[in-house]
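Here the structure is laid out as structure tokens; the discussion comes afterwards.
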Ligand code: C2E
Ligand code: MG
Ligand code: MG
């Protein structure tokens, strides 16, 4: 018991009756009630189980709960509770992330009030914690189980070691349908689709409404072939059109599937893999059913496991993630002008994994934007240290389309710039041609909003896609980065010289500057110096290095000239 005085039985019963009166709330909201005199409290059973607390009744629950709060949110929480117990405040209303028993975090809002006795003395502190990550398990529009229900059911299959197949099916262009015909029509389509899916496929398993226009099916009995046949039938049916009054709206679908035979994985990883297959179906396969790594099925398990480990690393305070910086030099003077932040992930099991080995999987994962924020913050924080020696130093940070498409992206960037105290005109965000997967208007809005505050944009891997020039025409890029694939053989290949010439002229038309990546030899540099290129990057100058090494080089006698080889 230590520092706590034992609570008398009468007070405990009173606490119980108060608690019962409080606790009739939905399954996404938990209740806690604390007898402040004894710092003895009772907490909802569901919360105790989900978050792995010692029990429903606890002495000193504030400290115990604080252990579960995300380190970044802990200070605010701590202060709030301290003020309440010190009598400085009469309640709190805060949002934080709380760690579940399984190590993942849920976003919770916590509202509490202090109940005083007649003499004004604080007696009880009670309130409700709403778990935004859990919510109810039923989708109000379709009546189907929702994504939280899906996660629970997947996890329960895994826990019980039951082999299953999961599938995500979605409707293409629902946003446009909503815009053209109105939300009522969009909703009616979702309802009809959910109903049909449940009757035709889900009858042999469970059907779920996921976020937006996506649905999911879990089945224990359908093989890949069965599912493919069923999907083709559903697809044919909806392609003929959904009727709504006088309208007939043809619907196109996309779908991804995954067999879960490996029980070391978790619900979030399964969903991430399904989303990966779904995106592949939508972007590259015209809506055909895509199995997660069908063609390399033996490896499928490895991919799922790797993704699982990466997600865990992210949840574990980005353990194993770090950033290297590759210097960028002025093409004329060859002096350092900035650096590009390049992400790395290292784990005991996989060693050092380069970004191409995990970013493509992770991009479609709901967790990616969290990592994206970490990269932005970390890279700007490091760059600020360099700017103490070299104020004009510019940091280039790579973005994924999955980060940019989030509605809070612009606010997030400004928030981080503010937090770090970074000068926006020293920040250059790199987009690859894959950003074409996004709506051009959305991209233009994002770029315009950030450029208005001074942030620059570079088009990375220029020339590797099929309409690079088209992108330059439509979007306000400040720089193009010519991919190293175009200069690798420039010393002997006349065609590469012509291409580079062509690219620099194109950049001239759009008034963007040019950076060439992948300069490896002095010969390459000598040739490229003849073109209208503004900056160089490549192993000839430096490989990607740790921030300490970059700072060390700048602090050394040769200063910013250190990357100049001659
Ligand atoms: P990128 O943005 O085009 O980055 C340039 C890549 O070329 C880097 O590979 C760099 O190490 C490599 N490189 C630079 N100079 C030379 C050279 O002279 N020779 C050769 N052979 N290679 C050179 P890296 O670090 O493996 O990154 C690969 C890609 O992963 C990046 O291509 C970028 O698209 C992506 N990536 C890296 N970090 C991030 C990140 O933080 N966020 C996102 N979304 N993507 C990232
Ligand atoms: Mg880049
Ligand atoms: Mg590149």
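Residue numbers (my numbering): 24 to 589. Ideal Cβ positions, reconstructed from N, Cα and C, are used throughout, including at glycine. Predicted model, so just to flag it, every value in this text is computed and none were measured.
Backbone CA spacing between residue 243 and residue 464 [nearest angstrom]: 43 Å
Boundaries of the alpha helix (DSSP H) in which residue 398 is found, first to last residue: 391-412
Contact under 9 Å by Cβ, residue 209 with residue 200: yes
Any non-hydrogen atom of ligand 2 closer than 8 Å to residue 455 Cβ: yes
Nearest-angstrom beta carbon gap, residue 542 and residue 23 [assumed within contact, 8 Å]: Given a span of 24 to 589 for the chain in the structure shown, any question on residue 23 remains unanswerable.
Backbone CA spacing between residue 341 and residue 368 [nearest angstrom]: 9 Å
Of the residues 423, 534, 71 and 480, the one placed nearest residue 54, counting alpha carbons only: 71
Inter-residue CB distance, residue 314 and residue 280 (contact presumed, cutoff 8 Å): 5 Å
Residue 541: CB within 8 Å of a non-hydrogen atom of ligand 1: yes
Same chain, Cβ closer than 7 Å to residue 338, neighbours up to 5 away in sequence not counted: 126, 127 and 128
According to DSSP, residues forming a beta bridge with residue 129: 121
Proximity winner among 450, 547, 508 and 397, relative to residue 502 (alpha-carbon distances): 450
Heavy atom of ligand 3 within 8 Å of residue 20 beta-carbon: Outside the shown range of the chain, which is 24 to 589, sits residue 20, and nothing can be said about it.
Assigned exposure category for residue 206 - 16 Cβ within 10 Å defines buried: exposed
According to DSSP, residues forming a beta bridge with residue 228: 242
Identity of the residue in 109, 540, 526 and 331 nearest residue 10 by Cα: The structure shown does not extend to residue 10, since the chain spans only 24 to 589, so no value can be given for it.
Helix, strand or coil at residue 422 according to DSSP, with G and I counted as helix: coil
As assigned by DSSP and simplified to three states, the class of residue 350: strand
Nearest residue (CA-CA) to residue 426, options 395, 508 and 520: 395
Of the listed residues 124, 148, 86 and 123, nearest to residue 116 (C-alpha basis): 148
Cβ separation of residue 85 and residue 104, assumed to be a contact under 8 Å, to the nearest whole Å: 5 Å
Residue 469 vs residue 443 beta-carbon contact at 9 Å: no
Member of 573, 510 and 253 whose CA lies at the smallest distance from the CA of residue 221: 253
For residue 334, the nearest candidate out of 522, 138, 293 and 27 (CA to CA): 293
contact_flag[the region 88-102, the region 167-183] where n(CB pairs < 8 Å) is 3 or more: no
Ordered list of alpha helix (DSSP H) runs contained in the region 130-179, each at least 4 residues: none
Cβ separation of residue 407 and residue 381, assumed to be a contact under 8 Å, to the nearest whole Å: About 27 Å separates the two Cβ atoms, so there is no contact after all.
Beta carbon proximity, residue 83 to chain C, threshold 9 Å: The structure shown contains no chain C; it is built from a single protein chain.
contact_flag[the region 494-501, the region 479-486] where n(CB pairs < 8 Å) is 3 or more: yes
Counted within 10 angstroms of its Cβ, other Cβ atoms place residue 228 as buried (16 or more) or exposed: buried
Helix, strand or coil at residue 30 according to DSSP, with G and I counted as helix: coil
Any 3 or more C-beta pairs closer than 8 Å across the region 156-166 and the region 250-270: no
Pairwise C-alpha distance: residue 326 and residue 123: 25 Å
Assigned exposure category for residue 232 - 16 Cβ within 10 Å defines buried: buried
DSSP-derived helix/strand/coil call for residue 535: coil
C-alpha gap between residue 319 and residue 300, whole angstroms: Bear in mind that the predicted position of residue 319 carries a pLDDT of just 39, short of 50, making it too unreliable to give a figure here.
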